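Chemist:
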Amino acid sequence: MADDCFAHPRLAAIYDLLDPDRSDLAAYLRIAEEFEARRVLDIGCGTGEFALLLASHGIEVVGVDPASASLDVARAKRDSAQVRWIHGDATGLPSLQVDLATMTANVAQAITDPHAWEGTLQGAYEALRPGGHLVFETRDPAGRAWEEWTREKSCRVTEIPAVGAVESWVQLIDVSRPLVTFRWTYRFAADGQVLTSDSTLRFREREEVEQDLVARGYVVEGVRDAPDRPGREFVFLARRPDKGARGVTAHPAR
């Protein structure tokens with residue numbers, strides 16, 4: 004199930020405006036270009052920012068997300084017809100044979116259930132052509148990012164056209180490693196409505212993720228830094244082997 008910040012129509016409609024800095028997507032676009040990807044599966048595509056960025060570069064894109072409200076926002080954007088939008092997740096995809104599958108931002112960590120995580124990795128594997136790549140990021144647990152998730156450090160007021168002022172902040176609810184739960188609160192000045200969205204992320208160790216990938220048949224080709232948050236995240240690059248090969252870890256360097 005999608006969190007309310009993605010699934011509630013009023014929150015999905017303002018999601019992009021509350022978090023307008025998506026400079027993190029530039030690194031994924033460069034990876035797509037590095038692998039000369041012509042067909043991409045964007046898992047957890049949300050409101051479609053990355054899918055539409057790829058499409059604007061002539062790449063054939065399939066975006067899949069469980070939040071229908073977010074997909075409604077994506078479909079309403081300019082040039083959205085260039086993307087194939089699917090309501091669901093990676094465990095129920097049609098036959099695709101893409102060159103690259105991606106999970107940007109918090110998508111991988113938001114899949115907290117181990118069985119759902121295995122199913123996602125398997126679904127992405129089946130969607131890739133032999134030799135295709137899966138790329139995604141997770142926060143390094145050693146960075147203890149959740150210690151910054153306080154109202155004092157996050158509270159802000161955003162003026163949104165046709166909506167008015169929206170005050171938002173995050174508060175930590177529970178830390179039960181590897182799971183961390185937090186709550187975003189949104190107050191709409193126009194009518195006083197207050198909405199909340201609870202989220203839980205799974206903070207996986209690097210070795211755990213590598214083992215999960217190899218167990219699903221991938222070759223782990225590398226683990227990179229996230230350019231926008233150096234030293235705080237792992238960006239995993241895994242490949243579906245060519246036919247007949249078996250998944251192994253390629254001793255990636257961070």
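In this text, residue positions in the sequence shown follow this note's numbering: the first is 4, and each later residue adds one.
Heads up, the beta-carbon is just placed ideally off N, CA and C, and yes, glycines get one too.
Quick caveat, the model's predicted, so the values are computed rather than measured.
1) How many Å lie between Tyr-31 and Gln-196 at the Cα?
2) Taking 9 Å as the threshold (C-beta atoms), are Ser-73 and Gly-49 in contact?
3) Name the residue from Glu-63, Phe-191 and Arg-41 whose alpha carbon lies nearest to the alpha carbon of Arg-13.
4) Which partner residues does Asp-177 have in the DSSP bridge list?
5) Could you give the C-beta distance for Val-67 and Ile-89, rounded to a whole number, given that I count them as a contact under 8 Å?
6) Keeping to the same chain, check which residues put their C-beta closer than 6 Å to that of Ala-54; ignore five residues upstream and five downstream.
7) In its own chain, which residues sit with a C-beta less than 8 Å from the C-beta of Gly-167, not counting the 5 before and 5 after it?
8) On the three-state DSSP scale, how would you describe Phe-237?
9) For Ile-62 versus Val-43, is the C-beta distance shorter than 9 Å?
10) Starting from Val-67 and walking both ways along the beta strand (DSSP E), at which residues does that stretch end?
11) Quick check: what's the CA-CA separation for Ala-77 versus Gly-225?
12) Helix, strand or coil for Ala-72 per DSSP?
13) Is the segment 238-248 touching the segment 215-230 in the sense that three or more CB pairs, one from each, lie closer than 8 Å?
14) Assuming Gln-112 and Thr-141 make a contact with CB atoms under 8 Å, what is their CB distance in whole Å?
15) Would you say Arg-219 and Pro-181 are within 9 Å of each other, going by their C-beta atoms?
16) For Asp-118, name the three-state secondary structure that DSSP assigns.
17) Per DSSP, which one or two residues make a beta bridge with Gly-225?
18) Just mark Glu-236 as buried or exposed, buried being the case when its beta carbon has 16 or more other beta carbons within 10 Å.
19) Does Leu-28 come out as helix, strand or coil in the three-state DSSP assignment?
20) For Cys-158, is the classification buried or exposed, using 16 other Cβ atoms within 10 angstroms of its Cβ as the cut-off for buried?
21) Using the rule of at least 16 other Cβ atoms within 10 Å of the residue's Cβ for burial, across every protein chain shown, is Asp-102 buried or exposed?
22) If we count Cβ pairs, one from each stretch, closer than 8 Å, do we get three or more for the segment 147-161 versus the segment 169-177?
23) May I ask you to report which of helix, strand or coil DSSP gives Thr-161?
24) Tell me whether the beta-carbon of His-136 lies closer than 9 Å to the beta-carbon of Ala-40.
25) Using CA coordinates, which residue listed in Arg-25, Asp-19, Asp-245 and Val-212 is at the minimum distance from Leu-124?
Modeler: Considering the structure as presented:
1) The count along the sequence shown starts at 1 and reaches residue 31 at position 28. The count along the sequence shown starts at 1 and reaches residue 196 at position 193. Roughly 36 Å between the two C-alpha positions.
2) Start at 1 with the first residue of the sequence shown, and residue 49 comes out as number 46. Start at 1 with the first residue of the sequence shown, and residue 73 comes out as number 70. Closer than 9 Å, so yes.
3) As a working note, residue 13 is residue 10 in the sequence shown. Closest by alpha carbon: Phe-191.
4) By one-based count along the sequence shown, residue 177 stands at place 174. Asp-177 pairs with Thr-184.
5) Here residue 67 is taken as the residue at index 64 of the sequence shown, counted from 1. Here residue 89 is taken as the residue at index 86 of the sequence shown, counted from 1. Between Val-67 and Ile-89 a beta carbon distance of about 4 Å is seen, short of the 8 Å cut, so the two are scored as contacting.
6) As a working mapping, residue 54 is identified with position 51 in the sequence shown. Answer for Ala-54: Asp-45, Cys-48, Val-64, Gly-66 and Val-86, listed in chain order.
7) Here residue 167 is taken as the residue at index 164 of the sequence shown, counted from 1. Excluding residues within five positions, the ones whose Cβ falls inside 8 Å are Phe-191, Ala-192 and Ala-193.
8) The residue given as residue 237 occupies position 234 in the sequence shown. If DSSP states are grouped into helix, strand and coil, Phe-237 belongs with the strands.
9) One-based indexing of the sequence shown puts residue 62 at position 59. One-based indexing of the sequence shown puts residue 43 at position 40. Going by beta carbons, Ile-62 and Val-43 fall inside the 9 Å limit.
10) In the sequence shown, the residue the question calls residue 67 occupies position 64. Unbroken beta strand (DSSP E) run through Val-67: 63-68.
11) Counting from one through the sequence shown, the residue named residue 77 turns up at place 74. Counting from one through the sequence shown, the residue named residue 225 turns up at place 222. Roughly 31 Å between the two C-alpha positions.
12) Along the sequence shown, one-based indexing puts residue 72 at 69. Helix.
13) yes
14) Translated into the one-based positions of the sequence shown, residue 112 becomes position 109. Translated into the one-based positions of the sequence shown, residue 141 becomes position 138. The pair is a contact, with the Cβ atoms about 5 Å apart (cut-off 8 Å).
15) What you label residue 219 is simply residue 216 of the sequence shown in a count that begins at 1. What you label residue 181 is simply residue 178 of the sequence shown in a count that begins at 1. Cβ atoms of Arg-219 and Pro-181: not closer than 9 Å.
16) To locate residue 118, count along the sequence shown from 1; it is residue 115. A small fix is needed here, since residue 118 is His in this sequence, not Asp. Reduced to three states, the DSSP call for His-118 is helix.
17) Translated into the one-based positions of the sequence shown, residue 225 becomes position 222. BP columns for Gly-225 point to Leu-240.
18) Looking up residue 236 in the sequence shown gives position 233. Flag for Glu-236 reads buried.
19) Taking the sequence shown and counting its residues from 1, one reaches residue 28 at position 25. Reduced to three states, the DSSP call for Leu-28 is helix.
20) As a position in the sequence shown, residue 158 is number 155, starting the count at 1. In summary, Cys-158 is exposed, with fewer than 16 beta-carbon neighbours lying within 10 Å of its beta-carbon over all protein chains present.
21) In the sequence shown, the residue the question calls residue 102 occupies position 99. Looking at its Cβ environment, which holds 16 or more other Cβ atoms inside 10 Å, Asp-102 is buried.
22) yes
23) Residue mapping note: residue 161 aligns to position 158 of the sequence shown, counting from 1. DSSP places Thr-161 in strand when its eight states are reduced to three.
24) Translated into the one-based positions of the sequence shown, residue 136 becomes position 133. Translated into the one-based positions of the sequence shown, residue 40 becomes position 37. Yes; because the gap between Cβ atoms is below 9 Å, this pair is in contact.
25) Locating residue 124 in the sequence shown gives position 121, counting from the first residue. The shortest C-alpha separation from Leu-124 is found at Val-212.
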